[in-house]
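Heads up: take any position in the sequence shown, counting from 1, add 548, and you land on this note's numbering.
We treat Cβ as the ideally placed atom computed from N, Cα and C, and that holds for glycine.
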Amino acid sequence: MKKIVIVGGVAGGASAAARARRLSEEAQIIMFERGPYVSFANCGLPYHIGGDIQDRSKLLLQTPESFLARFNVDVRPLTEVVSIDRANKQVTVRLLADNSDDIKEYTESYDFLLLSPGAGPIVPPISGINNPLTYSLRNIPDMDKIIHAIGENKVEHATVVGGGFIGLEMMEAFHALGIKTTLVELADQVMTPVDKEMAGFAHQVIRDKGIDLRLGVALEAVEFSATSYVANEDAGEKIEHQHLKGKLTLSLSCDEKLDTDILIMAIGVRPETKLAKQAGLEIGLLGGIKTNAQMQTSDAAIYAVGDAIEEQDFVTGEQTIIPLAGPANRQGRMAANNMFGRNESYQGTQGTAICKIFDLAIASTGKNEKQLKREAITYEKVYVHTASHASYYPGAEIVSFKMLFSPTTGKILGAQAAGKDGIDKRIDIMAVAQRAGMTVEQLQHLELTYAPPFGSAKDVINQAAFVADNIMKGDTAPIHFDEIDNLAESQVLLDVRNPGELNNGFIEGAINIPVDQLRQRMSELPKDKEIVIYCQVGLRGNVAYRQLVNSGFKARNLIGGYRTYQFAKT
Ligand SMILES: Cc1cc2nc3c(=O)[nH]c(=O)nc-3n(C[C@H](O)[C@H](O)[C@H](O)COP(=O)(O)OP(=O)(O)OC[C@H]3O[C@@H](n4cnc5c(N)ncnc54)[C@H](O)[C@@H]3O)c2cc1C
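What follows is the structure, given as structure tokens:
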């Protein structure tokens, strides 16, 4: 009989506990959780604040009682594991529920210990940041406090710092509540898992919704001023609510002051490694708990999973930290398998992720271009902007899709997509294709579902693969949006769209010859210069490219067309 002790009772911890029980009826399984709830839906928290998930109890997926009934797991909430004695294989735990001054601690032995303590929000040491109206969102109590503060302080203006998943979801939640919102982001884009030109689609939607989006701006200081307030004890108001009434004045790096009623800090998370460090377990260079592929730490009896660890990057094989629920759950299950003698190896994390921003979905898998540049990995890229299903069937929306691949082997390195429909489907397909080691050549042959309400006979992914294959086989010479503003004297810019389309914008200095007139008007173009062609999305550009090249011109086609160029500037 094995005794398994688990630290952390949410994604990774709860998955491991349930799996361990499914593998053995005899094992003794104890799960310690510092907070009052276990196995809650942390990913659902912003949606309860914004009102999409009305019923708070829907966020509580399991309780200690239900865990006991179904899995015979001894769940101990409000109990913090404070130290690990590796030599004697035991942990010391502290009871947090007890209000008495005496600290109540006891020890518990283990055969195997699983650490799934997660990651805590990063709160930078900004002057005035510790005030009653500044919050981070990690768990149910945080959510309850935010909801309470919104009501208590009659919040009319909210500020969210950080344009990652949680920041964007909180921005939308405030907007849904009719609260004016400012989103402050230090980088020049939100959603850093995608590249800036793809984030441009999000920027436009955010601004269209009336959010005050501040990119490239840092929060530098916070000042809290309490509103004078007399508690109405007859109405049952408690004195301790008094501190929630007030105003914050934020100092921003753009030399501006901003008054706000609540501040959410969502600039990222940091692995919780205190316990592991104190126990002398090895910590990786990136600051997460180091594990091997079997999820064992530097002590073979101690496993670690989830947001607290460093894992292997699927694309590069290097160590990485990717705090997502999918990897945490899968790692928890695998760690339990390995405790029972299976020798399974974690296959790396791709970072497949998606975020809803109002009616836009934006998603990615694998490496983005910024990372490939940073890691000096050679890549090529393509963009397509095409309908989510047959454009003649009602409800089709544009899928803006970017794919990164190796120009030598054709192997998929990453993909990103933005749009109102069919985004999850495309990125999920790409995640599978990448995991299977497919090349862009093979991607052309994918046979995907098609009927007009669902897709196209040539799906977005087939089309992206055709463009990539054209580049690899030399059937097209690409130029990218980020090269267009720096063309040489020896290059001429040719817009092959219809004149009416130019009313929605064009690139300065371009000659306009619609593609359907090109054969007749080719003589207007110089043969001694390179013709840089663009259309709206790249398709007509490719038709023009083939005509020109087959007629003896030197040419390049703007991949992704004007639409990519335009959104890169948003
Ligand atoms: C608001 C929000 C939205 C999110 N949305 C998404 C999403 O849409 N998609 C996605 O993929 N991911 C999302 N995530 C991330 C995802 O929730 C995490 O990646 C995942 O929960 C990590 O699992 P974990 O087991 O490592 O840590 P957690 O699930 O965070 O669990 C760790 C638990 O350990 C407890 N603990 C820590 N130290 C101790 C100790 N010493 N003793 C006892 N208990 C301890 C903590 O109290 C905590 O409850 C979101 C996260 C948040 C906060």
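Rounded distance between the beta-carbons of residue j and residue i, thought under 8 angstroms
i	j	result
G832	Q860	Actually they are not in contact, since the Cβ atoms of G832 and Q860 sit about 11 angstroms apart, beyond 8 angstroms.
S587	V558	6 angstroms
L994	I975	Wrong, their Cβ atoms sit about 14 angstroms apart, outside the cutoff.
Q1084	E1049	6 angstroms
F772	L681	6 angstroms
A697	L798	No, A697 and L798 are not in contact; Cβ-Cβ is about 16 angstroms, not under 8 angstroms.
L796	L811	6 angstroms
L1073	L1042	7 angstroms
C-alpha gap between residue i and residue j, whole angstroms
i	j	result
A565	V621	7 angstroms
E788	L644	At E788, the pLDDT of 48 sits below 50, so the modelled position is not reliable; the number obtained from the coordinates is stated separately. C-alpha separation (whole angstroms): 22 angstroms.
L1058	N679	It should be pointed out that residue 1058 corresponds to Ala in this sequence rather than to Leu. Straight-line Cα distance between these residues: approximately 54 angstroms.
L1106	E804	39 angstroms
S572	L991	42 angstroms
E989	R1045	29 angstroms
F660	I850	6 angstroms
A1092	P1026	13 angstroms
V555	H933	46 angstroms
G958	K550	48 angstroms
V1015	E928	11 angstroms
E700	A979	44 angstroms
K1021	Y658	59 angstroms
V708	M813	6 angstroms
K950	F619	44 angstroms
S684	D690	7 angstroms
E945	A724	23 angstroms
K1102	K1077	7 angstroms
H937	N1060	30 angstroms
G880	A589	16 angstroms
S954	G758	40 angstroms
R755	M739	15 angstroms
L1035	D1017	25 angstroms
L823	D855	14 angstroms
L952	Q576	47 angstroms
D1064	G1053	20 angstroms
Any chain B beta carbon closer than 8 angstroms to residue i
i	result
F722	Judged by its chain identifiers, the structure shown contains no chain B, having just a single protein chain.
Cβ pair residue i, residue j closer than 8 angstroms
i	j	result
G962	G914	yes
G668	R686	yes
L616	G592	no
Y1113	I1055	yes
I971	A911	yes
T1119	G835	The structure shown does not extend to residue 1119, since the chain is modelled only from 549 through 1118, so no value can be given for it.
L767	E733	no
N584	L626	The sequence given here has Pro at residue 584, not Asn. Against a cut-off of 8 angstroms, the Cβ pair of L626 and P584 comes out as a contact.
I870	G899	yes
N877	G666	no
R624	M579	yes
Q982	M746	no
S675	V770	yes
V753	L908	yes
G1109	Y1082	yes
Chain-order list of residues whose beta-carbon lies under 8 angstroms from that of residue i (same chain, five-residue window excluded)
i	result
K904	E717 and E720
D760	K728, T729, T730 and L731
E653	V630, T640, V641, R642 and L643
P1062	V1044, R1045, N1046 and P1047
A841	Q860, S893 and Y894
Y531	Residue 531 is absent from the model: the chain starts at 549 and stops at 1118.
Same chain, Cβ closer than 6 angstroms to residue i, five either side skipped, listed in chain order
i	result
I670	I815, G816 and R818
A884	A564, R567 and A568
R1104	A1025, I1027 and V1080
H705	K728, T808 and D809
T956	none
L662	I554, A564, Y851 and A883
V930	M951, A1012, V1015, A1016 and I1107
Cβ shell of residue i (< 7 angstroms), same chain only, five flanking positions each side left out
i	result
G598	E720, A721, A724 and L725
(request) At 4 residues or longer, and completely inside the stretch 995-1070: list those alpha helix (DSSP H) runs for me, N to C. (result) 1008-1020 and 1066-1069
(message) As an exercise, report each continuous beta strand (DSSP E) stretch of at least 3 residues that is fully enclosed by the stretch 790-853, in chain order.
(response) 794-800, 804-808, 810-813, 817-819 and 850-852
(message) So within the stretch 722-770, which uninterrupted beta strand (DSSP E) runs reach at least 3 residues, ignoring any that extend past its ends?
(response) 728-733 and 760-763
(request) Within the stretch 551-615, note down every full alpha helix (DSSP H) run reaching 4 residues or more, in order along the chain. (result) 559-571 and 593-598
(request) Kindly provide the ranges of any beta strand (DSSP E) runs that are 3 or more residues long and lie completely inside the stretch 671-727, ordered along the chain. (result) 705-709
(request) Scan the stretch 939-1005 and note each continuous alpha helix (DSSP H) run of 4 residues or more that stays entirely inside, going in chain order. (result) Entirely contained in the stretch 939-1005, the alpha helix (DSSP H) runs reaching 4 residues are, in chain order, 971-983 and 988-991.
(request) Give, in chain order, every unbroken run of the beta strand (DSSP E) that is at least 3 residues long and sits entirely within the stretch 1078-1117. (result) 1078-1082 and 1102-1106
(message) For a minimum of 3 consecutive residues, which ranges assigned as the beta strand (DSSP E) are wholly contained in the stretch 623-651?
(response) Scanning the stretch 623-651 from its first residue to its last, the whole beta strand (DSSP E) runs of 3-plus residues come out as 627-633 and 638-643.
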